[in-house]
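Numbering-wise (this note's numbering), the sequence shown opens with residue 79 and increments by one.
Below you'll find the structure, written out as structure tokens, and then a few comments.
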Amino acid sequence: NINNETNEKTLDISIKEMIDSMNSLLEKLKTHKAIKADLYQQLVADPISVITSRSSATWKIGKYLNQLLQPFTDKILHSTTFADETDFIRKLNHYANTERRLRPTTLFCTIKITNFYTLDEHQNMLDVIGYFLHDNLATNKLESLTIQTIRNLLYLFLYNNIFYCLIRIEYFRYKDQIFFTWDKSSAIELETFIENIREKHWNVRFQKFISTNVQFLNASIENRQGQLYSQVHCDFNMSRYTLPYLLGHSKSAHSDWLRTALIRAVCYCTSVDDFQQERIVLELTYLINAYSLLFVETHVKHFFNYFHAQTMRYSRSQSTYDKFRQQWFKFVEQRYELSEQLEKFNKNGRLIQFNYIYDFDSRCRFNREFYRLWSHYFQKHPTLSEENSEVILSTKHFHSLNTLLAIDKPPYTTVQQ
79 NINNETNEKT LDISIKEMID SMNSLLEKLK THKAIKADLY QQLVADPISV ITSRSSATWK
139 IGKYLNQLLQ PFTDKILHST TFADETDFIR KLNHYANTER RLRPTTLFCT IKITNFYTLD
199 EHQNMLDVIG YFLHDNLATN KLESLTIQTI RNLLYLFLYN NIFYCLIRIE YFRYKDQIFF
259 TWDKSSAIEL ETFIENIREK HWNVRFQKFI STNVQFLNAS IENRQGQLYS QVHCDFNMSR
319 YTLPYLLGHS KSAHSDWLRT ALIRAVCYCT SVDDFQQERI VLELTYLINA YSLLFVETHV
379 KHFFNYFHAQ TMRYSRSQST YDKFRQQWFK FVEQRYELSE QLEKFNKNGR LIQFNYIYDF
439 DSRCRFNREF YRLWSHYFQK HPTLSEENSE VILSTKHFHS LNTLLAIDKP PYTTVQQ
């Protein structure tokens with residue numbers, strides 16, 4: 079069936095042919111016993127009239143591949159991949175202060191891949207994942223699938239995915255950035271080492287910086303004769319006392335941002351003076367942007383009270399700050415453990431999220447009462463008990479500036495004279 083106006087196949091016909099082709103290839107994999115019959119039934123694409131990213135023809139295959147590959151890649155790459163800024167500083171602190179591996183001659187090197195988002199060609203992605211599995215699997219199989227079968231399923235997903243989805247395997251990097259230390263020799267030999275990599279991977283364009291003082295993930299990092307020094311990096315091209323533009327309920331979002339910024343200050347600042355300076359800048363930023371002194375005082379006090387470090391707010395003692403920072407690192411480790419637990423619940427379909435309309439009164443009181451009732455009624459339930467599931471409550475604000483202040487434009491009418 080050809081569209082007479084465009085001389086192209088209609089979208090419905092194209093999608094139907096794509097789905098038939100995918101199912102035919104899955105049928106061949108089942109016939110050759112590359113996949114079992116139950117997995118075939120799980121992955122076979124259904125004819126659908128509406129295509130969305132959630133229910134597209136390839137989402138079953140994508141979901142299965144993610145459940146298959148993600149735990150394996152996370153296990154292999156956990157020690158060399160940074161989840162976020164705090165994870166990077168935590169691992170760098172462990173390297174320098176726990177393992178004592180930072181020497182006076184250690185160099186820092188950062189690499190920024192400038193064409194990262196154009197490197198994810200389908201064939202390149204298939205090859206990279208194939209090489210990764212081959213290098214890290216003891217046998218030719220991951221669970222019940224061979225490496226070639228995984229490549230075949232990836233081929234089906236990538237080449238038939240209407241809404242393009244990036245699949246990346248990261249090695250000692252955060253997104254398109256790489257950080258590593260160099261102890262072997264001089265900076266000249268490090269330059270030669272990197273240039274050899276550039277010649278071998280000529281299609282990858284990147285910028286490098288080598289020094290004992292570098293910037294990485296908004297942090298200034300310095301090797302001071304074998305002692306790690308870091309602080310929040312200040313970009314002088316940007317205004318210092320501005321708040322980020324946030325969607326939704328701005329006061330609630332800026333409350334979260336202030337807490338995050340204080341946590342980042344503890345994370346990045348090895349010196350108590352740098353931390354106190356960053357705290358003062360944050361407080362002034364909120365006051366300049368018309369937030370009340372009560373708002374600032376309440377949030378800053380809550381931050382220190384949470385860590386049972388009320389005296390730390392005005393303290394200039396480096397030893398006290400070091401203890402406070404170690405306590406913070408333990409908090410971060412607990413947070414990552416909780417995130418991993420939530421991820422396990424989510425993968426098993428036992429992470430339950432509820433939203434409710436919030437207008438006024440205490441959210442904490444409502445949440446506490448909700449969890450108490452949930453625990454009371456489901457304490458012996460096989461799947462909904464506290465031990466076997468996790469419930470997350472979040473709020474939706476009924477009012478916004480648009481609904482409170484804006485007036486709908488009246489419909490256009492023609493004035494007759």
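Ideal placement from N, C-alpha and C gives every residue a C-beta, glycine not left out.
It should be emphasised that the depicted structure is a prediction, and the values quoted were computed from it without experimental measurement.
Supposed close pair residue i, residue j - CB separation, criterion 8 angstroms
i, j, result
"ALA64", "ILE288", "The first residue shown for the chain is 79 and the last is 495, placing residue 64 beyond what the model contains."
"LEU121", "LEU306", "In fact, because the Cβ distance is near 49 angstroms, the residues do not count as touching under 8 angstroms."
"GLN309", "SER349", "7 angstroms"
"LEU180", "LEU268", "That belief does not hold up - the Cβ atoms of LEU180 and LEU268 are roughly 16 angstroms apart, past 8 angstroms."
Helix, strand or coil at residue i according to DSSP, with G and I counted as helix
i, result
"GLN354", "helix"
"THR224", "strand"
"LEU244", "Because LEU244 carries a pLDDT of 36, less than 50, the predicted location of this residue cannot be relied on, and no value is offered for it."
"LEU197", "coil"
"VAL410", "helix"
"ASN274", "helix"
"TYR249", "In this prediction, TYR249 scores a pLDDT of 33, lower than 50, which makes its location untrustworthy; no coordinate-derived value is stated."
"LEU236", "helix"
"TYR434", "strand"
"PHE314", "coil"
"HIS290", "The identity of residue 290 in the sequence shown is Thr, whereas the question assumes His. If DSSP states are grouped into helix, strand and coil, THR290 belongs with coil."
"PHE468", "According to the sequence shown, residue 468 is Glu rather than Phe. Correct three-state label for GLU468: strand."
"LYS219", "strand"
"LEU295", "coil"
"PHE423", "helix"
"LYS108", "helix"
Residue range of the beta strand (DSSP E) that includes residue i
i, result
"TYR307", "305-310"
The alpha helix (DSSP H) enclosing residue i, as first and last residue numbers
i, result
"ALA331", "328-346"
"THR151", "137-155"
"PHE382", "371-384"
"THR164", "163-171"
"LEU451", "441-456"
"GLN119", "115-121"
When the options are compared against residue i, the one with the closest alpha-carbon
i, options, result
"LEU471", "PRO460, HIS459, ASN144 and ASN445", "ASN445"
"PRO149", "LYS425, GLU267, THR217 and VAL469", "LYS425"
"PHE382", "THR259, PHE407, PHE402 and THR363", "PHE402"
"LEU429", "LEU416, ARG441 and ILE435", "LEU416"
"GLU221", "SER397, PHE257 and LEU117", "LEU117"
"ASP334", "TYR364, GLU356 and ASP351", "TYR364"
"GLN419", "THR376, ASN466 and PHE456", "ASN466"
"LEU223", "ALA115, ALA368, LEU451 and PHE423", "ALA115"
Residue i - partner residues in DSSP beta bridges
i, result
"VAL282", "According to DSSP, VAL282 bridges with nothing at all."
"ILE91", "In the DSSP output, where bridge partners are listed per residue, ILE91 has none listed."
"ASN301", "LEU306"
"PHE257", "THR188"
"THR473", "TYR434"
"LEU429", "GLU468"
Residue i beta carbon near the ligand SAH (any heavy atom closer than 6 angstroms)
i, result
"THR151", "This structure lacks the ligand SAH; in fact it carries no ligand of any kind."
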